[in-house]
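Residue numbers (numbering that gives the first Met the number 0), protein chains in the order written: chain A, 0 to 478; chain B, 0 to 299.
The beta-carbon is built from N, C-alpha and C at its ideal position, and this holds for glycine as well.
What follows is a set of notes on a single structure, which appears directly below.
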Amino acid sequence: MNFDDYQTKDFFDELIGSDGNPRSLSTPLIEQINSLSAKELRRLQKAAEVALYRQGITFSVYGDKKGTEKIIPFDIIPRVVPGDEWEIIDKGLKQRIKALNLFIDDIYNEKKILKDGIVPEDLILSSACYLKQCIGIKPPGGVWIHITGTDLVRDKDGKYYVLEDNLRCPSGISYVLQNRAIQKRTFPQAFAAMKVRPVSDYDNHLYNTLKNVAPKNCVGKPNIIVLTPGIYNSAYFEHAYLAQQMGVTLAEGSDLTVIDDCVMLRTTKGFEKVDVIYRRIDDEFIDPLAFRPDSLLGIPGIMQCYRKGNVTLANAPGTGIADDKAVYAYVPQIIKYYLGEDAIIPNVPTYLCGDEKQCEYVLKNLNSLVVKAVNLSGGYGMLIGSKSTPAERKEFAEKIKADPRNYIAQPTLCLSRTPTICGNQIEGRHVDLRPYILYGESIFVLPGGLTRVALTKGSLVVNSSQGGGSKDTWVMEDA
Amino acid sequence: MSRYLERAENVARFISVNEHLMLDLGLAPGNAQWNPLVTTSGDDADFAKRYDDPSEENVIYFLTFDKKNPNSIISCIARARENARTVREAISSEMWEELNLLYHLVEQNSRKRRIDNLQEFYAQIRNASHLFTGLSENTMSHGEGWHFARMARMLERADKTARLIDVKYFILLPDPAYVDSTYDAIEWGAVLKSANAFEMYRKYFHSINYKDVTKFLIFDKYFPRSITYCVNIAADSLDAIISELGVNVSAKQEMEKLRTSLASYSIDGILGNGLHEFIDIFQFNLNIVDQAINKSFFEI
Chain A
0 MNFDDYQTKD
10 FFDELIGSDG
20 NPRSLSTPLI
30 EQINSLSAKE
40 LRRLQKAAEV
50 ALYRQGITFS
60 VYGDKKGTEK
70 IIPFDIIPRV
80 VPGDEWEIID
90 KGLKQRIKAL
100 NLFIDDIYNE
110 KKILKDGIVP
120 EDLILSSACY
130 LKQCIGIKPP
140 GGVWIHITGT
150 DLVRDKDGKY
160 YVLEDNLRCP
170 SGISYVLQNR
180 AIQKRTFPQA
190 FAAMKVRPVS
200 DYDNHLYNTL
210 KNVAPKNCVG
220 KPNIIVLTPG
230 IYNSAYFEHA
240 YLAQQMGVTL
250 AEGSDLTVID
260 DCVMLRTTKG
270 FEKVDVIYRR
280 IDDEFIDPLA
290 FRPDSLLGIP
300 GIMQCYRKGN
310 VTLANAPGTG
320 IADDKAVYAY
330 VPQIIKYYLG
340 EDAIIPNVPT
350 YLCGDEKQCE
360 YVLKNLNSLV
370 VKAVNLSGGY
380 GMLIGSKSTP
390 AERKEFAEKI
400 KADPRNYIAQ
410 PTLCLSRTPT
420 ICGNQIEGRH
430 VDLRPYILYG
440 ESIFVLPGGL
450 TRVALTKGSL
460 VVNSSQGGGS
470 KDTWVMEDA
Chain B
0 MSRYLERAEN
10 VARFISVNEH
20 LMLDLGLAPG
30 NAQWNPLVTT
40 SGDDADFAKR
50 YDDPSEENVI
60 YFLTFDKKNP
70 NSIISCIARA
80 RENARTVREA
90 ISSEMWEELN
100 LLYHLVEQNS
110 RKRRIDNLQE
120 FYAQIRNASH
130 LFTGLSENTM
140 SHGEGWHFAR
150 MARMLERADK
160 TARLIDVKYF
170 ILLPDPAYVD
180 STYDAIEWGA
190 VLKSANAFEM
200 YRKYFHSINY
210 KDVTKFLIFD
220 KYFPRSITYC
230 VNIAADSLDA
240 IISELGVNVS
250 AKQEMEKLRT
260 SLASYSIDGI
270 LGNGLHEFID
280 IFQFNLNIVD
290 QAINKSFFEI
């Protein structure tokens, strides 16, 4: 099993140039792989999978009857990002996060951008993600989006685009850290030769980010916790992992209570005031008094504590508004408005079905577009026109007509591919990239990220809930 | 027996942590820092005599399979096995079998030209040591023999943690460019991992810096590899032995001195007067305790 028969075909390939030779920076990796027998390569792949099983890095797929826990498929051939490419990604993401944060702060406070007519007021106020409960709130340091996992994709020409912003509770960082731990054992020679930038201090950065956004009235070392919906949540492993790595308490809603507008943690030594909550519970479930009254996961009264500035929630409630896929279409204008700069990483062109003309175009061209519900993630509520049946297209057309504001469409991108072990050979598979960004005192982009890979031949859907796998991402030191 | 096994386990952990650290620091195999591992085990002179340069390959061989090095993993495990043979009737069969299996594992691997997966190999050694300790906890009476074994393990552990801090502090601190950088957190994180302390440290200190790391590894009362914990448990075991045998021995006074002198320090005092001096004094006192124990119980 080696690269002799590998074909990039018509796609941009992350490791191999269009001439069929390895991109110069990836040469040590390709050489190490080529020097291994098929048997050895399979043994390495197997060893990596065993390590993941042993560590219990599994996730549950909702609605899957076969078994509730799965390991996310892991491919041992890493994706490589040269230093100069990364520099642009780093700058572009910092720019985007800064602008989006200003945007969220604005629309819950002065609403200048709406008054100036840059983003239609109606689009914001009609969004299910615009939370009236957050109006007038000024979180510590003005930071709303503390933790982001932005999805990037590359098109045929190798250009990077932002596909989704994921400003609510992005998951997957634990896979980045664990994949790296395993990957270092897999190809140590290539890893050392290529000067890969480390990711293992993410937990340190995360802790400092949370510490830096503690409420103003917090005295001494802030008490930080991770709030999880519980052991049956699909990302529970990650919640526990992050709490453990930071050395903070992992709590469920039932461990917390509100006393005198402060969030208190029940411990064996009595109640302890909580200052910062890295919450992995969605907005609508976090407080049954403020949002869904049927939520059993949340803490009644926590929004009141938050509004009073007695506790910091990360990410802040209400950030989902900038995650709305119809609002996404306006991000380039948002960046221009707040920072006076052009977006460094462009958006994927987006058609808003809420606009009559654009909607007409979408309905006419369903077979070449990707249609998405504005408020869903994880590959749910999505139609890939080119791979759909007439019946599916008809069904989607009905849905769009019934609620046009709720849908957007984008051209089908020809996602880049990267070499992946498929059975007994190495084949190209489509990938995206999710870097992680932390915003506390300043903005930090972890030099690495989750490369998600669509393991099914030809498939463009990389979501783990839809049969995708993951890879380690090697960001190289030098530009 | 337990002392040598503990030593082998520590060497195995130091090597695998260092392997990961070198990769994280992006040091190519030619520039990687392997010399400190030899210094930590205290065998600089022997190594320099018999090897040309401290390359990864040389250091790993020296610390793992070199039978001429009395502190290599293979030598330690062979000696632990010899000792276990002499007390074969006092320890449980499960303990003996585990140690015997470990000996053969290392012996067989030492004859291979190349080992496919060194990380896996070192993990096996560490796990075997933990299993042995667990077996002694659960299958052997906690009488005099057991306390001797535990005391020896704790004294060895205290010594290794002290050496680890000493060597790392010396290497890491002089470079002001590294202080508070990403690499600083990674380097001191590796020190913690070398003592299996990373996760437990986090529960108390969160951010990683030399001062808190040093404090944790010297003074923490609950962490089973901190110097203070090891000395306290060793002292408890010595007390148990003394009360069981009904003797009055000089080792008790020496152990008490070690414990009180350790408790009299503060982290600021130690760092202010020089960490190396503190470790030197500690190891000097530790040696005296070792000698006193030998004299009190084994020299007839």
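Can the beta-carbon of residue i be found less than 7 Å from the beta-carbon of residue j?
i	j	result
A/PRO228	A/LYS210	no
A/VAL347	A/LEU162	yes
A/PHE2	A/ILE333	no
A/HIS145	A/ASN314	yes
B/PHE281	B/ALA161	yes
B/ILE278	B/ASP165	yes
A/THR411	A/SER387	no
B/MET150	B/SER91	no
A/ARG196	A/PRO446	yes
B/ARG12	B/ARG112	no
B/LEU154	B/ALA234	no
A/LEU351	A/ILE407	yes
A/ILE276	A/LEU226	yes
A/ASP322	A/LEU166	yes
A/ILE436	A/ILE96	yes
A/ASP507	A/ILE112	Beyond the ends of chain A as shown, which are 0 and 478, falls residue 507 of chain A; an answer cannot be given.
What is the rounded straight-line gap between the Cα of residue i and the Cα of residue j?
i	j	result
A/ILE56	A/SER469	12 Å
A/ALA98	A/GLY457	35 Å
A/ASN366	A/ARG291	38 Å
A/GLN465	A/ASP12	23 Å
A/ARG451	A/LEU176	14 Å
A/SER173	B/LYS251	49 Å
B/LYS159	B/LEU237	20 Å
B/LEU200	A/ARG278	For the sequence presented, residue 200 of chain B should be read as Tyr rather than Leu. If I take the Cα positions, the gap works out to 23 Å.
A/ASP200	A/TRP473	15 Å
B/ILE266	A/LYS155	59 Å
A/GLY380	A/VAL370	8 Å
B/LYS67	B/TYR228	33 Å
A/LEU449	A/THR149	10 Å
A/ALA213	B/ASN137	46 Å
A/VAL69	B/ARG6	Just to set this straight, residue 69 of chain A is Lys in the shown sequence, not Val. Going by the C-alpha atoms only, they are around 39 Å apart.
B/SER295	B/VAL248	6 Å
A/ILE230	A/ASN462	21 Å
A/ASP282	A/TYR438	19 Å
A/LYS393	A/LEU362	10 Å
Mind pulling the chain A residues with CB within less than 8 Å of residue i?
i	result
B/ASP219	Per Cβ cutoff of 8 Å: no residues; B/ASP219 is ~13 Å from chain A at best.
B/ALA11	Neighbours of B/ALA11 on chain A: none; closest Cβ ~15 Å, over 8 Å.
B/GLN118	ARG184
Taking the alpha carbon of residue i as the reference point, which residue from the options has its own alpha carbon closest?
i	options	result
B/PRO116	B/ILE287, B/GLU18, B/LEU98 and B/ARG2	According to the sequence shown, residue 116 of chain B is Asn rather than Pro. Nearest option by C-alpha distance: B/GLU18.
B/VAL86	B/ASP158, B/ASN293 and B/ALA148	B/ALA148
A/CYS168	A/ALA234, A/GLY157, A/PRO119 and A/ASN108	A/ALA234
A/THR185	B/ILE14, B/GLU155, B/ASN126 and B/LEU22	B/LEU22
B/LEU104	B/LYS214, B/LEU257, B/ALA127 and B/PHE204	B/ALA127
A/GLY135	A/LYS110, A/SER125, A/CYS261 and A/ASP150	A/LYS110
A/ALA242	B/TYR102, B/TYR203 and B/LYS220	B/TYR203
A/PHE190	A/LEU28, A/PHE10, A/ASP74 and A/GLY19	A/LEU28
A/ILE420	A/ASN20, A/TYR360, A/SER25 and A/PRO72	A/PRO72
A/GLN6	A/ALA37, A/GLU426 and A/LEU432	A/GLU426
A/SER25	A/PRO418, A/LEU454 and A/GLY467	A/PRO418
Run through chain A and tell me which residues come within less than 9 Å of residue i, C-beta to C-beta.
i	result
B/GLU198	GLN243, GLN244 and GLY246
B/ILE207	ASP200 and ASN203
Starting from residue i, find everything on chain B with Cβ-Cβ shorter than 7 Å and list it in chain order.
i	result
A/TYR206	HIS205 and SER206
A/LYS183	HIS19 and LEU22
A/PRO434	By Cβ distance, chain B contributes nothing, its closest Cβ being about 16 Å from A/PRO434, past 7 Å.
Residue i versus chain B: which residues are under 8 Å apart at the beta carbon?
i	result
A/PRO292	Chain B residues near A/PRO292: none, gap ~36 Å exceeds 8 Å.
A/PRO187	GLU18 and LEU22
Can you pull the chain B neighbours of residue i, defined as C-beta to C-beta under 9 Å?
i	result
A/PRO27	Within chain B, no residue comes near A/PRO27; the closest Cβ sits about 10 Å away, beyond 9 Å.
For a contact meaning CB atoms closer than 7 Å, what does residue i contact in chain A?
i	result
B/ALA184	ASP200 and ASN203
B/ARG201	GLN244, MET245 and GLY246
Legend entry - Inside the segment 254-303 of chain A only - beta strand (DSSP E) runs reaching at least 3 residues: 255-258, 261-266, 269-272 and 275-278
Inset, instruction - Would you list, in sequence order, the uninterrupted alpha helix (DSSP H) runs of no fewer than 4 residues that lie entirely inside the segment 370-437 of chain A? - result: 389-401
Inset, instruction - Kindly provide the ranges of any alpha helix (DSSP H) runs that are 4 or more residues long and lie completely inside the segment 137-210 of chain A, ordered along the chain. - result: You should have 172-185 and 187-192.
Inset, instruction - Quick one: which unbroken alpha helix (DSSP H) runs of 4-plus residues sit fully inside the segment 112-195 of chain B? Chain order, please. - result: 117-138, 143-171 and 181-193
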